[in-house]
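Novice:
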RNA sequence: GGGUCGUUAGCUCAGCUGGUAGAGCAGCGGACUUUUAAUCCGUUGGUCGGGAGUUCGAAUCUCCCACGACCUACCA
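Residue numbers (my numbering): 1 to 516.
1. Should residue 421 and residue 406 be called a contact, given that it needs their Cβ atoms to be closer than 8 Å?
2. If you check the beta carbons only, do residue 225 and residue 232 fall under 8 Å apart?
3. Using the rule of at least 16 other Cβ atoms within 10 Å of the residue's Cβ for burial, across every protein chain shown, is residue 478 buried or exposed?
4. Decide if residue 238 is buried, meaning its Cβ has at least 16 other Cβ atoms within 10 Å, or exposed.
5. Leaving out five residues on either side along the sequence, give the residues of the same chain with a beta carbon under 6 Å from the beta carbon of residue 273.
6. Just verifying my parser: in three-state terms, what is the DSSP assignment at residue 348?
7. Going by C-alpha to C-alpha distance, which of 44, 60 and 409 sits closest to residue 446?
8. Report the rounded CA-to-CA distance for residue 171 versus residue 184, giving the unit in angstroms.
9. Please work out which residues of its chain come closer than 6 Å, Cβ to Cβ, to residue 492, disregarding the five sequence neighbours upstream and downstream, and give them in chain order.
10. Hey, quick one: how far does the alpha helix (DSSP H) through residue 186 stretch, first residue to last?
11. List the endpoints of the continuous alpha helix (DSSP H) containing residue 302.
12. What's the C-alpha gap between residue 175 and residue 345?
13. Determine, using beta-carbon pairs with one atom in the stretch 324–336 and one in the stretch 456–470, whether at least three such pairs fall under 8 Å.
14. Is it buried or exposed for residue 391, if we count other Cβ within 10 angstroms and need 16 for buried?
15. Per the DSSP calculation, residue 106 is bridged to which residue(s)?
16. Using a Cβ-Cβ cutoff of less than 6 Å, which residues in the same chain neighbour residue 504 once the five nearest sequence positions on both sides are dropped?
17. Report all residues from its chain with a CB closer than 6 Å to the CB of residue 133; omit the five preceding and five following residues, and keep chain order.
18. Measuring alpha carbon to alpha carbon, tell me which residue in 498, 515 and 514 is nearest residue 188.
19. Would you decide whether residue 208 is buried or exposed? Buried here means 16 or more other CB atoms lie within 10 Å of its CB.
20. Which one of 110, 213 and 311 has the shortest CA to CA distance from residue 195?
21. On the three-state DSSP scale, how would you describe residue 444?
22. Does the count of Cβ pairs from the stretch 262–272 and the stretch 198–217 closer than 8 Å reach three?
23. Skipping 5 residues on each side, what residues in its chain have a beta carbon closer than 6 Å to that of residue 508?
24. Under a three-way DSSP split, which group does residue 373 fall into?
25. Determine the direct distance from the alpha carbon of residue 347 to that of residue 355, and round the result to whole angstroms.
26. Buried or exposed for residue 494, please, with buried defined as at least 16 other CB atoms from any protein chain shown within 10 angstroms of its CB.
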């Protein structure tokens, strides 16, 4: 790090850097720009950092964009701006340019009689992509565009690599994901998408703060990866000489905090799952998990509903969004339906409640649909599989599915009236699971039994089954208050809010294989 | 994992049934003092993703590999 820093500084200061060995992918355009940089260095250019701007493009437009030309002229508004040169139009003794900062764009007008011939001549040789600063007075062109009549301008940072074409921009999805910096420069929609993402997270945090939840951070490196059924990433701690896992969920740690008296707690952070990659799955993804003592899953369902509604409103200013051509309304109450009812609703024929609880019946129907399952799978696993096969894709509008089989919900409290079913819900939108929550299992002896069953499945070859977590059971033995909790998939929520078809569109740097 | 499609200049794309690789933008040189994807004249730029094969001759046909997209199966 230190070494690298020193080297970078030397390069920046040394004119000899222009002779440095060029990278493999250098072409003529880059060579020409390096030559320009070398010449600029001879003239004293040193990547200056003492330029102070006093205006942003968007603010200037908001303040003066509507003003009449002569009114603007009479006010003689001075401004100093800085940003990246995105367009350049040279016309002899005068030139135009478009400078982009993080708020937007503003046009500049550079001419011999305003800056002097030399400065204008220098500008003509700057490149699209260069970062510049400019001072001047605002005016309106003949066509009414707000423009800065430049009296002084400086090159602040030289761009050696050409930007994509001004009209089509960068459209190649692979390059947009691999070189997100270019995507962000070129594509307004990409900038908007990530701005929405930030506002969603901010909106969630604001809401939680006003309802007195405490935000915490729990371990990403865990000796026993718990809280979900998923394959973990493994890593190694050298000093301790022990294997650790990247967390698949923060759940068990957050509930330890509830045992410790933090009764309203949440975390927004990354989870890591060593599983497939798809338009809906990235190996690391962002999850919000929340727990509230002295409530049950019905409270948590309502909280999730309100949170999502609030996130939409604060990030987008509306609760109605269009996703891939379909309208989703987060403003009206989310539907609530039990898993059994949902299966019956979407089943091709009438199935009785008894049939839906008959393992052999379910196994037969799954086979009819060509679904493979483990011979040892119980009623609950088959019931869930049938739900996933028949129902999930149909749940377009926000819908809570409640009453999951306890067998597939090893951390959920059972119903008193039916111990085969858990007080658990999942929220589906556009066929995707967006949230998952339940009344937490706070009976340490039941939890121990469930872990034993998971350990048995793991021994039998189920790589996603949970580990027995002795330390967690011991925490429960001190007494976990009746508690409900939920997890919300932030990436997927942002996909819905931004009409993004792929999770890679809402993650700055999605995982990609290395370029060969 | 399986299937389909794609990869040509810095970017966006043409390139037919095999016959010396093209355009626009960007770049470079020139003209132009209110342009708007500025315009006009001239011009540079390519290991056609990589490798092997068929052929007198391959961007083009065949095979293998890499990367990506979409569909499909699974975890959120």
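By construction, the Cβ of each residue, glycine as well, lies at the ideal position given by its N, Cα and C atoms.
Specialist: On the basis of the coordinates in this document:
1. yes
2. A Cβ-Cβ contact shorter than 8 Å links residue 225 with residue 232.
3. exposed
4. Counting the other Cβ atoms within 10 Å of the Cβ of residue 238 gives fewer than 16, which makes it exposed.
5. The beta carbon of residue 273 lies closer than 6 Å to those of 230 and 248 in the same chain, with the five residues before and after it left out.
6. coil
7. For the residues 44, 60 and 409, the minimum Cα distance to residue 446 belongs to 409.
8. 12 Å
9. Setting aside the 5 residues that flank it on each side, residue 492 is surrounded in the same chain by 432 and 434, each with a C-beta closer than 6 Å to its C-beta; the list follows chain order.
10. 180–186
11. Residue range 297–316 is occupied by the alpha helix (DSSP H) that includes residue 302.
12. 44 Å
13. no
14. buried
15. 99
16. So the qualifying residues of the chain are 177 and 510.
17. 51, 82, 154 and 156
18. 498
19. By the C-beta density criterion, residue 208 is buried, having at least 16 other C-beta atoms within 10 angstroms.
20. Checking every option, the nearest Cα to that of residue 195 belongs to 311.
21. helix
22. yes
23. 180
24. coil
25. 12 Å
26. buried
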